[in-house]
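Peer 1:
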Amino acid sequence: MDKERKLIIAGNWKMNKTVNESIDLANGLVRELKDIKEVDIAICPPFTALSEVSKSIIDSNIRLGAQNMSQNNYGAHTGEIAAGMLKELSTRYVILGHSERREYQRESNELIAAKSKTAHEAGLKPIVCVGEQLDERETGKTEEIVSSQVRGSLEGLTEEQMLGTVIAYEPVWAIGTGKTATSEQAQEVHAFIRKLLSEIFNTETANAVRIQYGGSVKPDNARELMSQKDVDGALVGGASLDLRSFSELIKNSI
Ligand code: PGA
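In the working numbering, each number is its position in the sequence shown, counted from 1, plus 411.
1) In chain order, what residues of the same chain lie with their CB nearer than 8 angstroms to the CB of Lys536, ignoring the 5 residues before and after it?
2) Apart from the five residues just before and just after Ser658, which ones in its own chain have a Cβ nearer than 7 angstroms to its Cβ?
3) Which of the three DSSP states is assigned to Thr502 in this structure?
4) Is Ala619 helix, strand or coil by DSSP?
5) Who are Ala421's beta bridge partners in DSSP?
6) So Ser467 and Ala437 are supposed to be a Cβ contact under 8 angstroms. How far apart are they, rounded?
7) Alpha carbon to alpha carbon, how far is Lys662 from Glu432? Give it in angstroms, no decimals.
8) May I have the straight-line CA-CA distance separating Val647 from Pro630, to the nearest angstrom?
9) Cβ of Val647 versus every heavy atom of ligand 1: is any distance shorter than 7 angstroms?
10) Just curious, the beta strand (DSSP E) that Arg474 is in, first and last residue?
11) What are the residues that DSSP puts in a beta bridge with Ile604?
12) For the beta strand (DSSP E) holding Ile578, just list the boundary residues, first then last.
13) Return helix, strand or coil for Val541, following the three-state DSSP convention.
14) Which residue wins for smallest C-alpha separation from Asp451, given the options Pro457, Asn427, Lys414, Met426?
15) On the premise that Asn632 lies in contact with Thr591, defined as a C-beta separation below 8 angstroms, what is that separation, rounded to the nearest angstrom?
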C-alpha cells in the first residue's frame, strides 16, 4: 500500500501478560515480523515486563512502548514511573491519555499536556489518545470533543515536539466492543484532526504527523482502515495479545 506517511502500528497490552507471557509473545513477534520494513511496529507491555521485553526485542525491528508515565521526573510520587526510568530501558514510545485513564483515573487534558512535555524532554515519543464517547457522537459533539482534547493535550508543544508525537484517534464506543468505526467515519475524524493541527501549528507539520486509529482493529478490518488517506496506523488492544492475530494484522496492513 502506498502511503504518504509510514504506518505505525502499536500493540497496547493493557493490564495483561505476566513477565513470562510477555517474553514469549515478544520472542514470537520478533520471529514473525522480522522482514517487515514498511511499518513501524511497537509493543507496549505492562511496566513489570518492560525490562525483559526490551531485551527480547533489542536487535529487532520492534520498538518498546509504555502505557503511561508521570508528569514528574523524580521524587515523592508513590506508585508512579518517571520518563527517565522508561528511557533507561530503551523505551521509545509512551501512550498518554488513553480513554481508560481519562475515564478511570480522571486524567485531564492539562495533565496529558504536562506528561507530553515531560516525555519529549526525556526523549520519548508520546502517543496521545483522543476520542469521543458514544453519547457525544450521537448528539453530534464528536468534533467539539476531539478538538478540545487535541488542543488541550498538545498545549505548549513546540513544532519539533509535535513532529515527534503520534496521535491516536480512538472512539471510546469502539474500544474493546467489537464495534469498529467504519473506515469513512475514521477518515472523517482523522482529516478533521489534521486540519486542527494545521491551525495550531502549520500545514507542513500537520501533513507530517501520524494519526493512528484505535478501537477493535482486527486482522480482517486493518487493511480497509489503513487504506484511508489520513489513517497512518493503529493502536491495537485485544488483537495485539495474540501472536497470530497481531502478526496477521500487521501483514494485512501493508
Ligand atoms: P481494542 O483496544 O483494540 O481492544 O479495541 C484499543 C485500545 O484501547 O487502544
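Glycine is no exception: its CB is placed at the ideal position from the N, C-alpha and C atoms.
Peer 2: To lay it out plainly:
1) One-based indexing of the sequence shown puts residue 536 at position 125. Around Lys536: Arg503, Tyr504, Val505, Ala530, Gly575, Thr576, Val577.
2) Reading the sequence shown from its first residue, position 247 is the one you call residue 658. Cβ within range, chain order: Leu440, Glu443, Leu444.
3) In the sequence shown, counting from the first residue as 1, residue 502 sits at position 91. If DSSP states are grouped into helix, strand and coil, Thr502 belongs with the strands.
4) One-based indexing of the sequence shown puts residue 619 at position 208. Correct three-state label for Ala619: helix.
5) Indexing the sequence shown from 1 puts residue 421 at position 10. Per DSSP, the beta bridge partners of Ala421 are Ala453, Leu646.
6) The residue you call residue 467 lines up with position 56 of the sequence shown. The residue you call residue 437 lines up with position 26 of the sequence shown. Distance from Ser467 to Ala437 at the Cβ level is roughly 4 angstroms; contact confirmed, criterion being Cβ atoms closer than 8 angstroms.
7) For this step, residue 432 is matched to residue 21 along the sequence shown. For this step, residue 662 is matched to residue 251 along the sequence shown. Cα-Cα distance, rounded: 23 angstroms.
8) In the sequence shown, residue 647 corresponds to position 236, counting from 1. In the sequence shown, residue 630 corresponds to position 219, counting from 1. Distance from the CA of Val647 to the CA of Pro630, rounded to the nearest whole angstrom, comes to 10 angstroms.
9) As a position in the sequence shown, residue 647 is number 236, starting the count at 1. Checking the Cβ of Val647 against ligand 1 gives yes.
10) On the sequence shown, position 63 is the one that residue 474 refers to. For Arg474, the enclosing beta strand (DSSP E) has its first and last residue at 473–477.
11) In the sequence shown, counting from the first residue as 1, residue 604 sits at position 193. When beta bridges are read from the DSSP output, Ile604 appears opposite no residue.
12) As a first step, residue 578 is located in the sequence shown; it is residue number 167 there, counting from the start. DSSP places Ile578 in the uninterrupted beta strand (DSSP E) bounded by 577–580.
13) Position 130 of the sequence shown, counted from the first residue, corresponds to residue 541. It is a strand residue.
14) On the sequence shown, residue 451 is found 40 positions in, with the first residue counted as 1. Selected option, being the one with the closest Cα: Lys414.
15) The sequence position of residue 591 within the sequence shown is 180, counting from 1. The sequence position of residue 632 within the sequence shown is 221, counting from 1. 5 angstroms between Cβ atoms; contact.
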